[in-house]
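Protein chains: 2
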Amino acid sequence: MMSQVLSTQTEIAQEHRAWIRLLRAHSALTRELSGRLEAAHGLSLRDYDVLVQLYSAPDRRMRRIDLARTVILSPSGITRLLEGLERAGWVAKHHCASDARVTYAVLTDAGVAKFEEAHVTHLADIEELFASRFSGDEHDQLAELLGRLPLADAGTCNA
Amino acid sequence: MMSQVLSTQTEIAQEHRAWIRLLRAHSALTRELSGRLEAAHGLSLRDYDVLVQLYSAPDRRMRRIDLARTVILSPSGITRLLEGLERAGWVAKHHCASDARVTYAVLTDAGVAKFEEAHVTHLADIEELFASRFSGDEHDQLAELLGRLPLADAGTCNA
DNA sequence: TATGATTGCTTGCGAAGTCAACTATACCAA
DNA sequence: TTGGTATAGTTGACTTCGCAAGCAATCATA
C-alpha cells in the first residue's frame, strides 16, 4: 500500500524548517501586534498597513487597486477595508479626472493624525517583539533574505 | 497640531523593513501555496499543517488542545478545522481513558495516505517558491533568525 | 467530602477576506 | 463608428477564524 515510508519524523520537519518558522512567527506576531494595535488605537494590522502606505505615498493618496496589490489584498478586500477607514473619517474617496474608472484613496488630515498617533506605539511594539531580537546586520540580512521571496503580483509593488 | 513631522517617506519604511517583508512574503506565499494545495488535493494550508503534525506525532495522534497550540490556532479554530478532516475520514476522535476531558485527534489510514500523497507535491511547491531561493547555509540562517521570534504560547510548541 | 479554580472542548456570533458575477469606463482595431 | 477586450471597482454568498460564553471533568484545598 504505502509505496515508501517517508523519512523519520524529524526529517519531515527539517525539509522545510524555515518555512514552518515563517508561518508560526507570522501567526504569533500578527496576533500579538494586531491585538495591541486594536486595544490602543482601534486599528487592525491591515488598517495600519494601509495607513502607512497612504502616508508614504505622494500626495498621501493611491489608486485603490494599487493599494490592494501593495498590501496583498483582493480588490473586494480593499473596498471593505477602506469602508471602515472612510466611516472613521481617516480616508476619503477622490475620483480621478482623467479616468472615470479610477478612484483614489486619500488620507484625510484626521487620518494623518491617526497614523502618527498609532505609529509611535506600533513601532515600539515592533521593536519589542521583532526588531530587538536582531542586531542591525542581522536585521538587514533577514530583510534581504525575505526580499528574495516572490510577491505574486509583484508588478506594482513598491515596498 | 502635529508635534513633530515624521521622517521622510523612505525612512518610515526602513524602520521595519524586515517585518513588512515578512508580512508580504507570508501573504503572497500563503496564497500561492494554499491555492495549489487546494487545487491538487482539496486541502488548505492549515489542513496540511495539521496533517504534518499528526503524521509526525507519536502514534500519529495528539490532544486537540496541543494541536491547536502547535499550529497557532484557537481552541474553537481547531474544533472547526478538525470537523472538516473528520468528515473526510482522514482524522478520527479518540477519547482519553484516563481523563474524560481530553480528546485525541488521530490520523486514520486514509489520513496517512492523504498526507503522503499531498506531501510530495507540496514539498515540491515549497522548494520552488521558497527553498530554491536560498543556499543551504542561508536556509539555516533564515530558520535561525526566524526561530528567535516569540511564539506566544510557546510552552507547548515543539516545532 | 464539599467547594472553588482550572482545563479541555464546543457553540453562537461577528469580523474579515475570497471568489464569482456584475457595472462602467477605457482602449484597440477593423 | 462599432465591437471586443481589458481594467477599476462594488456587491452577494460563502468560508474561516477569533472571542465570549458555557459545559463537563479534574484538581486542589480546606
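If you're matching them up, the sequences are chains A and B in order. Using numbering that gives the first Met the number 0, the first residue of the first sequence is number 0, and each one after it goes up by one. Using numbering that gives the first Met the number 0, the first residue of the second sequence is number 0, and each one after it goes up by one. Think of the CB as a built atom: it goes at the ideal place given N, C-alpha and C, for glycine as much as any other residue. Everything numeric in this text was worked out from a predicted model, so none of it was measured.
Following the continuous beta strand (DSSP E) through A104 of chain B, name the residue where it begins and the one where it ends. T102 to L106
Residues of chain B with a CB under 7 angstroms from the CB of E192 of chain A: which are they? This structure cannot settle anything about residue 192 of chain A, because the visible part of chain A is limited to 0 through 158.
Return yes when the Cβ of R63 of chain A is within less than 8 angstroms of the Cβ of V105 of chain A, no when it is not. no
For A96 of chain B, the three-state DSSP class (helix, strand or coil): coil
Could you pull out every residue in the same chain whose Cβ sits closer than 8 angstroms to the Cβ of L28 of chain B, ignoring the five residues on either side in sequence? L128 and F129
Kindly list the residues whose CB is nearer than 7 angstroms to the CB of I77 of chain A, restricted to its own chain and excluding five residues on each side of it in sequence; keep chain order. R63, L66 and A67
Under 7 angstroms Cβ-Cβ, which residues of chain A neighbour P149 of chain B? A27 and L128
Exposed or buried, what is T155 of chain B when buried is set at 16 or more other beta-carbons lying within 10 Å of its beta-carbon? Confidence at T155 of chain B is low in this model, with a pLDDT of 36, below 50, so the placement of that residue is unreliable and no value is reported for it.
Kindly identify the DSSP beta-bridge partner or partners of A91 of chain B. B:V105
Leaving out five residues on either side along the sequence, give the residues of the same chain with a beta carbon under 7 angstroms from the beta carbon of R35 of chain A. D124
At the 8 angstroms Cβ level, is W18 of chain A part of the contact set with chain B, yes or no? yes
If I follow the unbroken alpha helix (DSSP H) through R68 of chain B, where does it start and stop? R63 to V70
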